[in-house]
Each structure stands twice: as C-alpha cells, then as structure tokens.
Amino acid sequence: MNPELSNAAIADALEELGDLYELDGAVIHRVVAYRNAARSVREASVSVAALARAGRVTELPGIGATLEQKIIALLDTGTIPAAEKLRAKFPPGLVAITRLPGIGPKRARLLHAELGVDSPQALREAALAQRLRKVRGLGPKFEENVLAALARPDADEPAKRLLLPQAVELGAALVEGLVEHGPADAVVELAGSARRLVETVKDIDLVATTVEPTALADSLATLEQVESASSASAAGARGVTYSGVRVDLRIATPAQRGNLLQHFTGSGAHNAALRERAVRSGMHVSEYAIEDESSGAKLLCADEAEVYERLGYAFIPPELREDRGELEAAARGGPGLPQLVSRGDLRGDLHCHTVASDGRATIDEMAAAARELGYEYLAITDHSASHGFGNDVSPEELREQIERVREANARLSGIDVLAGSEVNVLPDGSLDYEDALLAELDWVIASVHTAFSMGEQKMTERMIAAIEHPLVDAIGHPTGRMLERRRPYAIDLDAVFAAAARTGTMLEINANPRRRDLSELNARAAVAAGVTLVIDSDAHGPETMPLIRWGIATARRAWLTAAEIGNTRPWSELRTMRKRARPRAAVGGAPARRRGQPPRG
DNA sequence: GCCGTTTTCGGCCCGACTGTTTTCAGTCG
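In this note's numbering, the protein residues as written are 130 to 730.
The following block contains the structure:
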C-alpha cells in the first residue's frame, strides 16, 4: 500500500485547483474557499489524510462536504477529477503567466482567449509583435511591463527572502533614516511580517505618523539604502533598496497610528478574518478607522490595543496574528490567549560549542556570556567524534573536556556549567560514543549531521532509535532544514513526536535564525503530542548566544508558554525530567500529556 | 465552497495603485 499523501501535498492539490477555478472564471469566493482550505490543510498539526480516512476532515476550518469528497478522491486515485478537466482546458504555461506581476487570472484568460497565449514564451512573442495592445483594456504600457517582467533573470523562480534578523536590521536602519531625514514630528515603526517575527521576510513594511505626510514620503528616496522610490504621496511611498528589497511606507495621522499599525502588521489572513467578524457585528475595519455601520461614526485609535479592545478582543501579540485561532481565543467570552514564553523565562542554554570542536571561544568565555544573559546554567555540547567537518572530539578528548567543565564549574560563580555533548546520530540510529562515556555527561543532545537523503522510513527509524536511547536527553534541530538553503530531510514527524512523548525525550527549537528548527507549526504539534521542548542557541561563540531571541520568537509563534519549555526550569528540576533520571518503569510507559488544542492549527 | 449571538440561504475585508479609460477593471497587499 502506498504511503498516504502529506498535508503539504494535499494543500498543493487544493491550491492548484483554486488557481484553475480562478482561471476558469469561478466566483472569487469559491477560489478563496480553496485557498483557505489549502492553508488549513498545510497548517494542520495532524495527518489530514488520516483525518479524512476517519471521516473527520470537516473538523478542519474551511473544509466542508465538497472538499472532503475531493480530498478522499485525491487519496484514493491520486488526482481530483475536476482538476483533470481544468488542466486539459488551461495549459500549465498559462498558470505560469499569472505569476508575473501585473497579470492575474482575468488577463491570463483574456490573453489565452484572444491571442492564444499559452506560455510565457508565447506571451513574449505576442508582446514583441505588439499584439497585446490590440486587446481591449490593454495598451503599450502593459506590453512594456510584460516584456520587462519576462526579461528579469529570475522571472520564473520565487524571489529570495530575507532571514528575519536581516529584515529586522534593515528595517531598523530605514526607520532611523526616516526619523533623521523626515519631518520633526514623524514617528516611524517596523510593521509587517518582520514585526510578527516570521522566519523569512519578502519586503519591509514601515508605518509612520506625521502631520507632514508628503515630506516624509519624499524622504524615503533620500535614504542611503534606497536605490529608487516611487509613487510618493500623502498616503506613503514605495522603494527598493540596493540589496533589492522592496520597502513599503504607509503614513497616517497620529490619531490613526493604532489603526495603521494594526493593518500593516497583518497578516493578511488575520486582517481578513478580523474584518469579516467585525462586519457581522456591524463594524467596518480599515487602516484608517473602525466605522460603525449604524451610526456612521468613525473611530480613530492612536493605540493599537484599542483597535482590538473596541472590536471585542484582548490584545493579540503580533506573533500570533496568523488566523490560527487567535481571534476565537482572544474574543470576549473566549478561552483566552496563552501567556507566551519570553526571553526572561529562560534559565539556561543547553546547546553550545567551544574551541574543543568548531566553536570560537573557551568554556570560560561561553560561561561568562551565559551569565551575562542572566542564565543559571549552560551546557557545553561540543560535536562528537565522527562529526567530520569540524574538530572532532575523540572519546579521550571528551573525557578531558568533562574534566575542564568540572574544573570551570568549581571555579566560576553565578553559573552552573554542565558537561554535555552534541552526539551524532549515525545512519543506523546508533550514537558515536559508548554508553559508559555518555553516562558521565549531564546533558546529551543527539543530532543528525550526515546522510540527509536516506528516505523517510529509514530516517524516521534512525531518529526513533536515537530517541529510544536511554541516555539521549534531547534531539537537536530535529528536521535539519536550513531556511532558504536546504529542505528538511524526509521524516515522519508524527511518529517522531509520538516516540519523544512516549520516552520523555525532549525536542529542540534551535534558535539559529537559519534553522528555527523545530518550526512554529511543528513545535506546536510536538507540544500537542505531549513533548517537552527546549530552546537553544547552538552558539559557536559568545556573540551568537543572544540568537536565542529567534528561538523564543518561534516558540511564541507556536503559542507556547514557559511551562512547555524545559529550560525555563532550574537545572535542579530539569535534571529530574531527563529520562535517565526517571524511574525505569516510567520510561516507555508514560502517557502523552495532552494540552487543550486551540480551535485552529 | 464555506458558514451561522441576524442567517441552512445569502452573504463573503478593505483600500491603493496602475493603466486604461471617460468611470473603471484588474491586480496587489
């Protein structure tokens, strides 16, 4: 029997069908319904295929009887009949055209019907022959824009995205520049996905208030980072940096600062859901005001929290604004939002490197950095013997390192230094130190660093073997992904989470901004399955230990509280949670702790 | 196609910008 389709595969199929219906001229709400359903499937924390087999898939938001049937057909036959029909009608090249800026489904359909355009290549030929301008509603300018879009070397690949720290840094520099060059009263803030602390960012969104909006809009073009700016008006301006990042500045009056910040922080899905719910109670929400339908009164909010309050919600932290159940939870009479974990809750860092392997600093230097951050403990976890791309730590060297850690711990005050290792999980699931040596360590984190492409079943068995090892306390960066660089290895995370919960093995949120691994959705699913997480910096030097903030960001976006994170506890408590410290009978027999699941996600 | 502190039918967020138009459709976020 074939393995069931992944949530991502089902979501892709629904998204494609939505695109095809849109090309076919379906009413837009139907198209939107497919896209909402696709997102719901993609973000589901359990196997949607399994849910569908159990007849429960309509429990997911946005999935009704019709989509249930289509998902079942997809699982049974590998395809959806409606999609087959539409694929025959609209060639894939036509769908590709709709990805070009300025061309949506309507124009693609028009070009197909009027000129027989069915691919980017055919579109280019038609534009060069000046045939596009003959179509009603299109003109020479459109032709020009089409050719420019097609000429871009990266026209058919998705745009590179900034890692969050780069976006935050660029955003801060732009804010500073606008404050410096703009009118004296200007207040400028970073909004958009960077404010929500997402993993990667496409463009920089800034909001500002001033009584001289055009002066501020004009000043965007004068910033040293900005290569070109356009369409400056009282409403704002747009620009592109020399690094090729789009910047969107929106301006309102000081009295509307809250409305604007709320709108421009997004996400789009959060705002759409917020506004739809508001409409049902007779309110219309925009970036400028909340309008009461019955009285016509327009409420301006200088403060963002007031926007939520006036609409009947508790304040929703930006990290949660993804339409993943936060509105239902924050609504008056709802269950309420969790008290999200914050940086100050962490009492220690359980994954870092020193000069013993590929780190840049000594034990003492790393311990000093940890103390500086207010931690109570730090585990030194250099790579193990077979790491292969740094300075390996042989068993003998690890024994010496343990001695050095014990000595440092005795000497240093204000910080407990723990002897640990980041042990390789070898392809067969075994570890590369003997158990007797591992038993001398305070903390063992096991990670996969080799043989990434072994296939899902083998990788899952490999990982579960490591999870079942009695001396493995946690699994490091559990999916191996590198944002914008390397996909996660194929692995059955449901099985991994179940094994981790069953054995009491913790899983890591690796805070390195290129990893953020587990991701927010996976972290949320892991905790729902009963797993305890740890948040680690994986620092290779004192200066990278503060990267922990990006791991905190992921945990917050995963709705996690301090109680769900192991290293918010003092070491005296956390050490007893390691499965090696538990009564032997409990290992393997502990029932999964279940947390109340929010309505979505 | 989904969904319900108005509704099992009739709604479904809101506004800016562009290019094409003499008042607006399409696209985008």
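Glycine residues also receive a C-beta, built at the ideal position from the N, C-alpha and C atoms.
Practice task
Please state whether DSSP places Ser169 in a helix, a strand or coil.
Solution key: Position 40 of the first sequence, counted from the first residue, corresponds to residue 169. Residue state, collapsed to three classes: helix.
Problem - Inter-residue Cα distance where the pair is Arg729 and Val177 - result: In the first sequence, the residue the question calls residue 729 occupies position 600. In the first sequence, the residue the question calls residue 177 occupies position 48. Unreliable placement is indicated for Arg729, whose pLDDT of 36 sits below 50; the coordinate value is still reported in the next sentence. Distance between the alpha carbons of Arg729 and Val177 is about 13 Å.
Handout entry: Residue from Tyr437, Val308 and Leu261 with nearest C-alpha to Glu457
Key = For the purposes of this step, residue 457 is taken as residue 328 along the first sequence, with counting starting at 1. Minimum Cα distance to Glu457 is reached at Tyr437.
Problem - DSSP state of Glu551 mapped onto helix, strand, coil - result: Here residue 551 is taken as the residue at index 422 of the first sequence, counted from 1. Note: Glu551 maps to strand in three-state DSSP.
Exercise for the section: Tell me whether Val552 is buried or exposed, calling it buried when 16 or more other Cβ atoms sit within 10 Å of its Cβ. Expected result: Translated into positions along the first sequence, residue 552 becomes position 423. With 16 or more other Cβ atoms inside 10 Å of its own Cβ, Val552 counts as buried.
Practice task
Would you identify the three-state DSSP class for Asp88, choosing helix, strand or coil?
Solution key: In this structure the chain extends from 130 to 730, so residue 88 is not present and cannot be described.
Handout entry: Assumed close pair Gly558, Glu590 - CB separation to whole angstroms, cut-off 8 Å
Key = Taking the first sequence and counting its residues from 1, the one referred to as residue 558 is at position 429. Taking the first sequence and counting its residues from 1, the one referred to as residue 590 is at position 461. About 6 Å; that satisfies the 8 Å criterion.
Exercise for the section: Using three-state DSSP, classify Ala138 as helix, strand or coil. Expected result: As a first step, residue 138 is located in the first sequence; it is residue number 9 there, counting from the start. Secondary structure of Ala138 (DSSP, three-state): helix.
Problem - At least three beta-carbon pairs within less than 8 Å, the segment 174-194 to the segment 205-218 - result: Result no; under three Cβ-Cβ pairs closer than 8 Å.
Handout entry: Own chain partners of Pro720 with C-beta closer than 7 Å, once the 5 adjacent residues on each side are dropped
Key = Position 591 of the first sequence, counted from the first residue, corresponds to residue 720. Since pLDDT at Pro720 reaches only 42, below the 50 mark, its modelled position is unreliable, and no value is offered.
Problem - Other residues of its chain near Arg450: CB distance less than 7 Å, five sequence neighbours each side excluded - result: Walking along the first sequence from the start, residue 450 turns up at place 321. Taken in chain order, the residues that qualify are Arg325, Thr394, Gly395, Ser396 and His399.
Exercise for the section: Using three-state DSSP, classify Thr634 as helix, strand or coil. Expected result: Counted from its first residue, the first sequence places residue 634 at position 505. Coil.
Problem - Terminal residues of the beta strand (DSSP E) in which Ile664 lies - result: Within the first sequence, the letter at position 535 stands for residue 664. In the DSSP assignment, Ile664 falls within the beta strand (DSSP E) that extends over Leu662 to Asp665.
Exercise for the section: Look at Arg164 and Asn136 and say whether their C-beta atoms are less than 9 Å apart. Expected result: Numbered from 1 along the first sequence, position 35 holds the residue referred to as residue 164. Numbered from 1 along the first sequence, position 7 holds the residue referred to as residue 136. No, the pair does not count as a contact, with Cβ atoms beyond the cut-off.
Problem - Three CB pairs or more closer than 8 Å across the segment 286-301 and the segment 267-274 - result: Judged by pairs of C-beta atoms under 8 Å, the segment 286-301 does not touch the segment 267-274, as fewer than three such pairs exist.
Exercise for the section: Along the beta strand (DSSP E) that carries Gly268, what are the first and last residues, could you check? Expected result: The residue you call residue 268 lines up with position 139 of the first sequence. It is not in any beta strand (DSSP E) - Gly268 carries neither H nor E in the DSSP assignment.
Handout entry: Endpoints, alpha helix (DSSP H) assigned at Gly245
Key = Here residue 245 refers to the residue found at position 116 of the first sequence. Under the DSSP assignment, Gly245 falls outside any alpha helix (DSSP H); it carries neither an H nor an E label.
Exercise for the section: List in chain order: all unbroken beta strand (DSSP E) runs of 3+ residues lying wholly within the segment 323-408. Expected result: Those beta strand (DSSP E) runs which fall completely within the segment 323-408 and span 3+ residues are 332-338, 355-362, 365-370 and 375-381.
Exercise for the section: Reducing DSSP to helix, strand and coil, say where Trp688 ends up. Expected result: If you number the first sequence from 1, residue 688 lands on position 559. Coil, per DSSP.
Exercise for the section: Could you tell me the distance, in whole angstroms, from the CA atom of Val304 to the CA atom of Val336? Expected result: As a working note, residue 304 is residue 175 in the first sequence. As a working note, residue 336 is residue 207 in the first sequence. When rounded, the distance between both Cα atoms is 9 Å.
Handout entry: Alpha-carbon spacing of Glu256 relative to Val156, whole angstroms
Key = Here the question's residue 256 lines up with position 127 in the first sequence. Here the question's residue 156 lines up with position 27 in the first sequence. What sits at residue 256 in the sequence shown is Ala, not Glu. One alpha carbon belongs to Ala256, the other to Val156, and they sit about 29 Å apart.
Practice task
From the DSSP output, in three-state form, read off Ala575 for me.
Solution key: Working through the first sequence from its first residue, we reach residue 575 at position 446. In the displayed model, Ala575 falls within a strand according to three-state DSSP.
Exercise for the section: Report the rounded CA-to-CA distance for Arg228 versus Ser248, giving the unit in angstroms. Expected result: Within the first sequence, residue 228 is the residue found at index 99, counting from 1. Within the first sequence, residue 248 is the residue found at index 119, counting from 1. A direct Cα-Cα distance of roughly 11 Å separates Arg228 from Ser248.
Handout entry: Closest residue to Pro132 among His413, Arg182, Asp474 and Thr343 (Cα-Cα distance)
Key = Residue mapping note: residue 132 aligns to position 3 of the first sequence, counting from 1. When each option's Cα is compared against that of Pro132, the closest is Arg182.
Handout entry: Nearest-angstrom Cα separation, counted from Ser550 out to Arg704
Key = Position 575 of the first sequence, counted from the first residue, corresponds to residue 704. Position 421 of the first sequence, counted from the first residue, corresponds to residue 550. Between the alpha carbons of Arg704 and Ser550 lies a distance of about 15 Å.
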